[in-house]
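The sequence shown begins at 1 in the UniProt record's numbering and counts up by one.
Below: one structure, written as structure tokens.
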Amino acid sequence: MHVSNEIMDNPHADRVKRIAQLAQSRARKKSGLFLVEGPQSVRELVTYRPEIIKDIYVQTALNYDDVREDGNAVARLHDSSAVIARILDHPRMRDIYVHYVSDAVMKQISDDAQGIVAVAEAGAMIHVIEELLNASESQKPTTLAAFWQIRDPGNAGTVIRAADAAGCSAVVFVDDCVDALNTKVIRSTAGSLFHIPVIRMSADDFFTSMHKADIPVIAADVHGVEERESESLQEVVRDPLLTKGSHATLFGNEARGLPAEILRKSSRIVYIPMYGKAESLNLATSAAIMLHTLAMSSHVGTI
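Structure follows, in structure tokens:
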């Protein structure tokens, strides 16, 4: 670990402003960098993707005079940062640059930092479907969690986390979706963004890729279309050819669901059966239930 011997204490410094601006999409695109906030997300970034980290910034109660009087003072963290100290002791921190910053600087950078943020390279987070499919040809089946026009950052982060927990090979954001490097998305994934690839592609490219790879698309929808009714998830999991093989599960927009033209392109249309009085489930809940049900069926047989 490389540690700066100065504490950044000017919240109006250009460098601080540039870091804070990474919360905005325009700044991320211009700089090719993105911001990771909080101990949990930074810990997972260090553990799984240390090679993309540019710098880590750690909040400290020390000031410049402390460092000037005691050259080792910068190594002393605030009493509440035991979790952060464990991150900094991680073996993969060896080649990473760490900068200590004042309370005012950290507040300027982020309101959700909880004492630590990281700046990382956005380009390394870009994945393409061909890489995944080629890598999976001789290995275990490919299971994809796909989302059409998901817009809410909190929902996006939650479904990435659900897909990670279900053991999916990747998440696919289809058509116009929220930026996966949005800071709220990253926080909501609780680190899962650094465990599982997130791929962006158009609906046409998605279905073309699935067709070429012979991967069936399971569309999540209650009503189906005129020429094809929706099947119960309870029945679908009884089909071992589907659950134990490669497949993509496609979910719709939070408010509108999936349009008819998307449903018609899908291999099967599936709904989650309701046993109580609730009329519907939100996107994140539906995704978690369906992805885990399919995952459990593929691992332990029909359920």
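Even glycine gets a Cβ: it sits at the ideal position worked out from N, Cα and C.
All values derive from a computational prediction rather than experimental measurement.
For the pair Y57 and V128, the CB atoms are not nearer than the 7 Å cut-off. In this structure the segment 42 to 59 does not touch the segment 138 to 146; the number of beta carbon pairs closer than 8 Å is below three. Around the Cβ of A135, a 10 Å sphere holds fewer than 16 other Cβ atoms; the residue is exposed.
Here the segment 102 to 120 lies against the segment 9 to 23, with 3 or more beta-carbon pairs under 8 Å apart. Contact between S81 and G191 is absent: CB atoms are separated by about 18 Å, not below the 8 Å threshold. Between the alpha carbons of V16 and V300 lies a distance of about 51 Å. When only Cα atoms are considered, D221 and A146 end up about 13 Å apart. With the rule of 3 Cβ pairs closer than 8 Å, the segment 216 to 233 does not count as touching the segment 155 to 167. Leaving aside the five residues that flank T243 on each side, the residues in its chain whose CB is nearer than 8 Å to its CB run, in chain order, V236, V237, L294, S297, S298 and T302.
From the listed residues I7, L291 and E44, the smallest Cα separation to V171 is found for L291. Closest in alpha carbon position to P216, among P273, I186, I150 and L250, is L250. By the 16-neighbour rule on beta-carbons within 10 angstroms, H247 is buried. Taking P39 as the centre and dropping the five residues before and after it, the same chain places the C-beta of V83, I84, I87, Q114, G115 and I116 closer than 8 Å to its C-beta, in chain order.
D205 and H12 have their C-alpha atoms roughly 45 Å apart.
Pairing K212 with K265, the inter-Cα distance amounts to about 14 Å. N155 places its beta carbon less than 7 Å from that of L283. With distances taken between CA atoms, D103 lies nearest to D9 out of G32, D9 and A124. Annotated three-state conformation of K184 is helix, per DSSP.
Listed in chain order, the non-local C-beta contacts of H195 below 8 Å within the same chain comprise E44, Y48 and D164, local neighbours out to five positions each way being set aside.
Straight through space, the alpha carbons of V174 and E130 are spaced by roughly 15 Å. When the five nearest sequence neighbours on each side are left out, the beta carbons in the same chain lying within less than 6 Å of the beta carbon of D179 are those of S25, in order along the chain.
Note on T208: under 16 other CB atoms within 10 angstroms of its CB, so exposed under the neighbour-count rule. Using a Cβ distance threshold of 7 Å, M1 and I126 do not count as a contacting pair. Per the DSSP secondary-structure output, Y57 pairs in a beta bridge with H99 and V117. Taking M106 as the centre and dropping the five residues before and after it, the same chain places the C-beta of Y57, Q59, A113, G115 and V117 closer than 8 Å to its C-beta, in chain order. Judged by DSSP secondary structure, F207 falls within the alpha helix (DSSP H) whose first and last residues are A203 to K212. W148 and V185 have their alpha carbons spaced roughly 16 Å apart. Within the model, the alpha-carbon separation for I272 versus A203 is close to 23 Å.
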